[in-house]
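Data block below; observations after.
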Amino acid sequence: MTISTTSTTLASDDQTPLMKQYNELKAQAPGALLLFRMGDFYEMFGDDAVVAAGILEITLTSRDRNKPNPMPMAGVPHHSVQGYIQKLLRAGKKIAIGEQMEDPALVKGTSKIVRREIVRILTPGVQFDAEGYEANYLATVTTAPGSKWVLTCLDASTGEALVSAPISLESLNSELRRLSVRHFLHLTPQLDLAQFGFSDSVLVENLPKNYISLEKATEVLRRHYELENLGSFIRTDSGTLGLGTLVTYVLRTQLLDRLAHLRLPEALHKPKCLVLGGNTAQHLDLIDLFKIVNQTRSTLGTRQLKNWMFAPLRNPAEIADRQTAIREIAGLWTRLGEKLSSYLSHVYDLERIAGRINTGLASPRDTLALGQSLVSLRSIGELLKEFQAPLLIELKQGLDGLATLLGPMGDTIVRTQREDAPLVSRDGGVFNRGTTPELDHLISLTEDGQRWLVDLENRERQLTGIPSLKVRYNRVFGYYIEITQSHLKNVPSHYQRKQTMVGAERFFTDELKKFEEEIVTASVKQKSLEQVLFNEMIEEIKKLTPPIMDAARKIGEVDSLASLARLSMQPNWCFPVIEDGLELDIRAGRHPMVDLAKRGGFVPNDVSLSQETRLTLLITGPNMGGKSTVMRQTALIVILGQMGAPVPAIGARWGSVSSIYTRIGAQDAIARGQSTFMVEMSELADILHHADKHSLIILDEIGRGTSTYDGISVAWATLEWICTKIRARTFFATHYHELIRLASTLPLLANAHMAVAGTRSASQKTLRFLYELREGPTNESFGIHVAQLAGLPKPVIDRAWKVLEELESHTGASGSAAQLHLFDSPKASQQIPFEENLEENLGESSDLEVSPMDQSSSEPHPVLKELG
């Protein structure tokens, strides 16, 4: 976590005018590294130079190195500054750009210096040149009644704005860990930021309490969105204050009056979408799942597909519409799919291009990419006419309208702009011939000047009859016609003498003089004219921002559908039937990541829950037996299915799931003052408070972070609450075999276990995991077998078997055991000698035979590590 604080200026008793100017700019950007333009470099001084040099791995020099305390100094070339800026932003730094506002060549007088101003402030969450589909959120938190909090996020580069409902502190913590927050504006002193565990790449900036009032925030948003009432989009004053703060911050740092590409705010959790619990995405490795299923061809599609995965649908009819569209694209893939993919691959990131255009940061390459993308709209719309799925017809109609509106602009850009457009518009070379007659003339002068001189030379030789006549140029005398002494008698009268040479004379003509005047200024005039034309183009594009943003969404949706169509062609993937009700039936389901990693060697499993007979499945079995995998794959199949995608199974049907809550594993949260068990209990509390009967709950080893009796008690009470109060579809994995008896007393609870081949005894050394979910309970955990497999010393394993015998001998039929202190000295007859030759004993652990899931030598997926 990088804390942005007020920066101090560079103190000096004898400041030069340049350093005085530097300090003045530095004071205008508290907490920022100042990139101070000096000719061809952006320079940094003092602490800024030291920090930047370390991050950028550039040479740290010094200014006034002959003085006792020379000032540190570091610089980067202006033509490649973007790469350095991105590296600083990734390190969580705030950057102010101090630009030259005058041409140094025009600044006269030794006492004058070039005027400089801060033209922009960039931060990890307020930037416009980032690549890829990931969001870069600027975020803030405001207070809400009832000890609640409202989280607001803004991605300035794409215009996305998210506002949460009032949420608890625990939910806020989960959301901040889930979202790609890069810059956090701290408005509420009562909020302890240490508990959030922000990484070093996240910039945290403290804002004054009076940064903006609710009234001012409301006014900013009304003016920005041109709406009198925002109640349909932001439900609380806290949300209005939060979003108004973010928008105001962006406008101030970018020196802008408006962000035309800013979208209307959306709910952080959309009402029509499946809700993922605070840590569900992390528990289920959703990022890894996304990387596997993503086959989009554009950044817009990648961003949209990720949104679908992290916010699946709930309405069965909407899910079915997506499935129908995906099926049709897959069915016509050979004839139309590859062509559609080709068109989509020519669409660039319209959202971020629109962001750069509306913040004055667009380059000619951005506008060219925009033009090529807009031309592709027409082709995509035409191709969609071949499909009959209602969703594809709706998209086709939308794209047709947008192509009519945006197509002419796309055609103009592609026709007028050069394909090798420069990165900076002021460098010229942006437009083709034919853009304007004036530009054509200037291009002819600059590009065809040499040819004109050759033509002039040939023409003058013919007119004068002087075969040795030459048209030449030098820096001192400019352009001239050179004629040797022997041909001076043939010099025409309109030639004007310019210079006498040994053996030759140099002349000029009015035509050549005019050419010289034009050619000298043509390059400057061309660049100036092209800048004017480029600015005019930018202004015309700005007017089309809303339809461009609309087109971006629709293209992203088409690309996402095409990506899922490719996925549906995988063998043994099917489309589930999703309806109302609480059933869940998956036949031969597979974990998508593990299945693809094992290339067909995965053991599939059937899973069945019924609102009539069993809604909660209590799963027992050994560690490494596959309990977590079966539960995870069920949740992943539900997520895939409800985003409209095919699933890895031969058949699946379930009632729509409203939310998925998981508690699988836990980590210490030392920074938040919480132990592993506290994290586990906090996650469990969130689940038990928010899950409803339409939820899917995945719980793994509840209660294992405390004493055996405490753990069993918590797990027991949790099962009772779920089965009698929530009555949601639940998978509950445990090693507390005492819980299996609850199946006879709790409604809708059934036992299941992960099968193994082997016997739990000290003499039995063969154990094979079958990874099959079977009906009924198991009373064996095979923990000591697994410990032996892990390589514990043989004396420790032998002692463990002896201790287990002692514990079980003190256990009655009720399952309760007398307390046995494991490290009390046993009776002499029970003592087990530790052999001296431990290396030999450790080697014997290899006698244990285990059937692993993956016998390949490649590095396993993280999920495989759990399975051995």
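In terms of this note's numbering, the sequence shown is residues 785 to 1652.
Yeah, the Cβ is synthetic: ideal placement off N, Cα and C, and Gly gets one too.
Just so it is clear, the structure is predicted and the values come from calculations on it, not from any experiment.
Contact check, residue i vs residue j, beta carbons under 8 angstroms
i     : j     : result
Y1520 : A1475 : no
A945  : L1027 : yes
L1176 : E1112 : yes
Q1201 : N1216 : yes
I1481 : I1471 : yes
N1535 : L1402 : yes
G1428 : L1084 : no
I902  : L809  : yes
L1226 : L1313 : yes
Y995  : T1020 : no
M855  : F820  : no
N1356 : I1448 : no
E886  : R874  : no
Alpha-carbon to alpha-carbon, residue j and residue i
i     : j     : result
A1455 : V1378 : For A1455, the predicted model reports a pLDDT of 45, less than 50, meaning its position is unreliable; a value from the coordinates is still stated below. So the two alpha carbons sit approximately 33 angstroms from each other.
H967  : R847  : 33 angstroms
Q979  : V965  : 15 angstroms
K1282 : R1290 : 5 angstroms
K871  : G916  : 15 angstroms
Q948  : T942  : Residue identity check: residue 948 is Ser in the sequence provided, not Gln. Roughly 19 angstroms separates the two Cα atoms.
H1045 : K1326 : 9 angstroms
M822  : R1210 : 18 angstroms
I1141 : L975  : 36 angstroms
L1533 : A1512 : 11 angstroms
K804  : T845  : 20 angstroms
L890  : E1222 : 27 angstroms
E1590 : R1488 : 22 angstroms
P1556 : H1569 : One point to set straight first is that residue 1556 is Glu, not Pro, in the sequence displayed. Cα-Cα distance, rounded: 19 angstroms.
L1014 : V1208 : 39 angstroms
V1391 : M1462 : 31 angstroms
M1062 : S958  : Per the sequence presented here, residue 1062 reads as Gly, with Met not at that position. Approximately 5 angstroms, taken between the alpha carbons.
I1147 : V1214 : Note on identity: in this sequence residue 1147 is Ser, with Ile being the wrong assignment. Taking the straight line joining both Cα atoms gives about 10 angstroms.
R1437 : T1118 : 29 angstroms
E1122 : F1074 : 22 angstroms
L1058 : I1137 : 31 angstroms
T1397 : L1503 : 16 angstroms
R1371 : S1016 : 43 angstroms
V860  : G1144 : 22 angstroms
Start-to-end residues for the beta strand (DSSP E) that takes in residue i
i     : result
N1078 : Where N1078 is concerned, there is no enclosing beta strand (DSSP E), given that its DSSP letter is neither H nor E.
I1444 : S1443 to R1447
E1266 : G1262 to T1268
R821  : L817 to M822
D1195 : Counting along the chain, D1195 falls outside any beta strand (DSSP E), though it belongs to the alpha helix (DSSP H) covering P1174 to T1200.
M828  : F825 to F829
W933  : K932 to D939
Where the alpha helix (DSSP H) containing residue i begins and where it ends
i     : result
V860  : Per DSSP, V860 belongs to no alpha helix (DSSP H); it is in the beta strand (DSSP E), M855 to P861.
N1142 : L1134 to N1142
S955  : L953 to R962
V1498 : T1492 to W1505
S1312 : D1294 to K1326
A1429 : No alpha helix (DSSP H) holds A1429; DSSP gives it neither H nor E.
Cβ neighbours of residue i in the same chain (closer than 8 angstroms, five flanking residues each side left out)
i     : result
G1023 : T926, V934, T936, V947, S948 and P1049
V986  : M785, T786, G876, P908, V965, R966, H967 and F968
H1278 : T1293 and D1294
Beta-carbon proximity list for residue i, same chain, < 7 angstroms, skipping 5 on both sides
i     : result
A1571 : I1581 and A1584
L1190 : L1158, L1161, L1328, P1331, I1332 and A1335
A744  : No answer is possible for residue 744: the residues shown for the chain start at 785 and end at 1652.
A813  : A880, I902 and I905
K1054 : A1095
Residues near residue i in its chain [Cβ-Cβ closer than 6 angstroms; skip 5 each side]
i     : result
L971  : T924 and L991
Q799  : none
L802  : I897
I1303 : L1229 and G1233
V1431 : P1360, I1421, L1424 and G1425
Practice problem: Check whether the segment 1422-1436 touches the segment 1091-1099, counting contact only when three or more Cβ pairs, one atom from each stretch, lie closer than 8 angstroms. | Solution: yes
Quiz item: Are at least three pairs of beta-carbons, each pair with one atom in the segment 1410-1417 and one in the segment 1365-1376, less than 8 angstroms apart?
Solution: yes
Quiz item: Do the segment 1190-1200 and the segment 1153-1166 make contact, defined as three or more Cβ pairs closer than 8 angstroms?
Solution: yes
Quiz item: Using 8 angstroms as the Cβ pair cut-off and three pairs as the minimum, do the segment 1030-1042 and the segment 1063-1083 touch?
Solution: no
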